[in-house]
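Start counting the sequence shown at 1; every next residue gets the next number (the UniProt record's numbering).
Note that beta-carbon positions come from the ideal geometry of N, C-alpha and C, so glycine has one too.
Structure first, then comments.
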Amino acid sequence: MTAVGPLETARELLREFPVVDGHNDLPWALREQVRYDLDARDIATDQSAHLHTDLARLRAGGVGAQYWSVYVRSDLPDAVPATLEQIDCVRQLLARYPQTLAPALTAADMEAARSQGRIASLMGAEGGHSIANSLATLRALYALGVRYMTLTHNDNVDWADSATDEPGVGGLSAFGREVVREMNREGMLVDLSHVAATTMRDALDTSEAPVIFSHSSSRAVCDHPRNVPDDVLERLPSNGGMAMVTFVPKFVLQAAVDWTAAADENMREHGFHHLATTPEAMKVHRAFEERTPRPVATVSTVADHLDHMREVAGVDHLGIGGDYDGTAFTPDGLSDVSGYPNLIAELLDRGWSKPDLAKLTWQNAVRVLGAAEDVARGLQATRAPSNATIESLDG
1 MTAVGPLETA
11 RELLREFPVV
21 DGHNDLPWAL
31 REQVRYDLDA
41 RDIATDQSAH
51 LHTDLARLRA
61 GGVGAQYWSV
71 YVRSDLPDAV
81 PATLEQIDCV
91 RQLLARYPQT
101 LAPALTAADM
111 EAARSQGRIA
121 SLMGAEGGHS
131 IANSLATLRA
141 LYALGVRYMT
151 LTHNDNVDWA
161 DSATDEPGVG
171 GLSAFGREVV
181 REMNREGMLV
191 DLSHVAATTM
201 RDALDTSEAP
211 VIFSHSSSRA
221 VCDHPRNVPD
231 DVLERLPSNG
241 GMAMVTFVPK
251 FVLQAAVDWT
261 AAADENMREH
271 GFHHLATTPE
281 AMKVHRAFEE
291 RTPRPVATVS
301 TVADHLDHMR
311 EVAGVDHLGI
321 GGDYDGTAFT
331 PDGLSDVSGY
341 PNLIAELLDR
351 GWSKPDLAKL
361 TWQNAVRVLG
371 AAEDVARGLQ
381 ATRAPSNATI
391 ESLDG
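Structure, rendered in structure tokens:
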């Protein structure tokens, strides 16, 4: 009798408890590449030349639920209508591929999709700029199906500090705390990826419902501000929330953090913005990469984060958020959405039990959304919607 290896064991486990992935940027990639021409990027066909994501690779990866990011850039002057276009993109995908993708608004919807063998499709907004300082707009996004909002993206908003911007209001302002309370009342998960550690702590102090980190890893393992400090991870058990490990190499591998900083400085020394993509800028960047090869993250790199996060927060508070189609580079073995079984096999090799892996992939994420729904029901019975303004609370 042939022994079953860890990869086949991983695939078997994912057939019963598939991956809930916290963050996939396919809608933004479709906007940027083809301006939502879904015929030009038909994900029912092989899109590996253009995207990390298509239906066959989601199936191969054992994905059972996906939070599709409805991200828009924080510097867009019309962020709210752009966010609505992103939501519309997800709705078009759901209408186009109903045999594979199932609309999901609740934890019960996630379980129903699993029983049908379809991929539960939820939405998450990425950055408070998508509500334009309006609690009514926040409620409208919830009504349209958005089930989490990341409080900031890479830039501060008027009421919350980002991990990758200069200190602003020092965490959450009074209006920022009101945003969190209103999210609790609606049943929208508070996502703390991208936010400053001060904002993380203020949100945990304020939130009456479990919070999430939709795509963040451990700062103790890799010192990048996008990752979660141990003192914050330690608070997840009492809050009930979860941190969903991300795969972005420059967030998970210290050598990649250092390489990126050096590459950015090289661009500035040559007179270019570090994100410039003109032919002249790319020539400078390619020359740097030839002189100094880019460090490569692996499945093991990501597993190191999960091992540490399990030790600090406990296995009941972990999940996965790959950030596919939102990053230019991916770890070896996790090159696209088909790679999740490789991570589960690595964790099996490290001694993770099947019950613990079922929590990581499926059960924790379903529990957290259901808990947010329960909190919302209680709050709606005791408190009306807030019509506070940023001017009234922050002056």
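Status (buried if at least 16 other CB within 10 Å, exposed otherwise) for residue i
i	result
Val-34	exposed
Lys-283	exposed
Asp-46	exposed
Val-4	exposed
Pro-98	exposed
Asn-364	buried
Leu-172	buried
Ser-207	buried
Ala-262	exposed
Gly-378	exposed
Gln-116	exposed
Asp-205	exposed
Arg-226	buried
Asn-77	Checking the sequence shown, residue 77 turns out to be Pro, not Asn. Counting Cβ neighbours within 10 Å, Pro-77 comes out exposed, since fewer than 16 surround it.
Ser-69	buried
Thr-260	buried
Pro-279	exposed
Residue i to residue j span [Cα, whole Å]
i	j	result
Arg-350	Thr-9	14 Å
Val-312	Glu-234	6 Å
Phe-329	Asp-323	10 Å
Ser-193	Ala-113	26 Å
Ile-390	Asn-133	7 Å
Thr-277	Tyr-67	29 Å
Thr-199	Asp-88	30 Å
Ala-82	Arg-201	30 Å
Gln-380	Glu-186	8 Å
Ser-48	Leu-275	24 Å
Pro-341	Trp-362	14 Å
Trp-352	Gly-319	14 Å
Asp-25	Pro-385	30 Å
Pro-167	Leu-105	35 Å
Ala-160	Met-183	14 Å
Leu-38	Tyr-148	25 Å
Glu-289	Arg-181	46 Å
Leu-189	His-270	43 Å
Asp-109	Lys-354	24 Å
His-273	Ser-338	34 Å
Ser-238	Leu-141	28 Å
Ala-29	Arg-294	24 Å
Ser-335	Thr-382	47 Å
Leu-343	Glu-85	33 Å
Glu-32	Leu-348	38 Å
Asp-16	Ala-60	Reading the sequence as shown, one finds Glu at residue 16 and not Asp. Their backbone Cα atoms lie some 14 Å apart in a straight line.
His-224	Val-375	32 Å
Ala-203	Ser-392	20 Å
Val-195	Arg-139	21 Å
Cβ-Cβ separation, residue j to residue i (assumed contact under 8 Å), whole Å
i	j	result
Val-157	Met-123	Actually they are not in contact, since the Cβ atoms of Val-157 and Met-123 sit about 19 Å apart, beyond 8 Å.
Gly-127	Tyr-71	7 Å
Val-90	Pro-18	With a Cβ gap of about 19 Å, Val-90 and Pro-18 do not count as contacting.
Leu-14	Gly-62	3 Å
Asp-356	Val-315	5 Å
Thr-246	His-215	4 Å
Leu-176	Ile-212	Going by the sequence as given, residue 176 is Gly instead of Leu. With a Cβ gap of about 17 Å, Gly-176 and Ile-212 do not count as contacting.
Gly-74	Asp-155	Checking the sequence shown, residue 74 turns out to be Ser, not Gly. The pair is a contact, with the Cβ atoms about 4 Å apart (cut-off 8 Å).
Ala-287	Met-267	Wrong, their Cβ atoms sit about 11 Å apart, outside the cutoff.
Glu-178	Ala-40	No, Glu-178 and Ala-40 are not in contact; Cβ-Cβ is about 42 Å, not under 8 Å.
Ala-125	Thr-152	Their Cβ separation, rounded to whole angstroms, is 11 Å, which puts Ala-125 and Thr-152 out of contact at 8 Å.
Met-244	Gly-333	Not confirmed; about 18 Å, so no contact.
Residues of its chain near residue i, where Cβ-Cβ distance is below 8 Å and the 5 sequence neighbours each way are ignored
i	result
Cys-222	Phe-251, Val-252, Leu-253, Gln-254, Val-257, His-305
Ile-43	Leu-26, Leu-51, Thr-53, Asp-54, Leu-55, Leu-93, Tyr-97
Gly-170	Asp-161, Thr-198
Lys-359	Val-315, Asp-316, Leu-318
Arg-118	Gln-99, Thr-100, Leu-101, Ala-102
7 Å CB neighbourhood of residue i in its chain, flanking five on each side removed
i	result
Glu-346	Val-299, Ser-300, Ala-303
Asp-107	The question names Asp, but residue 107 in the sequence shown is Ala. Same-chain partners within the cutoff: Val-366, Leu-369, Gly-370, Glu-373.
His-308	Ser-218, Ala-220, Val-221
Arg-310	Leu-318
Thr-137	Val-80, Ile-131
Asp-264	His-274
Arg-57	Asp-336, Val-337, Ser-338
Cβ-based neighbour list, residue i, same chain, cut-off 6 Å, excluding 5 preceding and 5 following
i	result
Ser-130	Ala-79, Thr-83
Thr-197	The sequence given here has Ala at residue 197, not Thr. Only Pro-229 meet the Cβ criterion.
Asp-394	Ser-173, Ala-174, Phe-175
Thr-327	Val-248
Ala-65	Val-20, Met-110, Ala-120
Length at least 3, wholly inside the stretch 200-249: the beta strand (DSSP E) runs in chain order: 211-213, 242-245
Which full runs of the beta strand (DSSP E) of 3+ residues lie inside the stretch 163-198, going along the chain? 189-191
My parser needs the alpha helix (DSSP H) runs of 4 or more residues fully inside the stretch 41-113; what are they? 55-60, 79-96
Ranges of the alpha helix (DSSP H) found wholly within the stretch 326-359, counting only runs of at least 4: 340-349, 354-358
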